[in-house]
Amino acid sequence: MFSQSINEFFSWFMWVAFEIAEFMSQSAKFLLMCLIIFIFIMALLFLVVRIVSLYQKRTGQIDKNIVRREPKFDEL
5 MFSQSINEFF SWFMWVAFEI AEFMSQSAKF LLMCLIIFIF IMALLFLVVR IVSLYQKRTG
65 QIDKNIVRRE PKFDEL
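If you number the sequence shown the way our numbering does, the last residue is 80 and the count never jumps.
Encoded structure:
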């Protein structure tokens with residue numbers, strides 16, 4: 005559901021950008037496409053950072069839940 009709304013937003017955003025680009029000069033179109041690509045890259049970086057932080061948080065909780073035992077004399 006969430007990914008569908010994001011997909012609809014980006015498709016709407018691209019449609020608006022292309023409608024605006026019809027009336028722009030060639031250099032302005034290039035700058036607009038650079039801006040759109042930059043926004044997509046920043047969104048992907050934000051997503052990667054979010055996933056990594058959630059993964060680290062989860063592994064930290066798993067490490068806390070593991071009971072560490074003292075080594076026996078025979079294992080030393």
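Each residue gets a CB set at the ideal place from its N, CA and C atoms; glycine is no exception.
For residue 33 and residue 65, the gap between their C-alpha atoms comes out near 48 Å. Closest option to residue 18, judged by alpha-carbon separation, among 60, 56, 63, 38: 38. Judged by DSSP in its simplified three-state form, residue 26 adopts coil rather than helix or strand. The C-alpha of residue 11 lies about 15 Å from the C-alpha of residue 51. Using a Cβ distance threshold of 8 Å, residue 25 and residue 36 count as a contacting pair.
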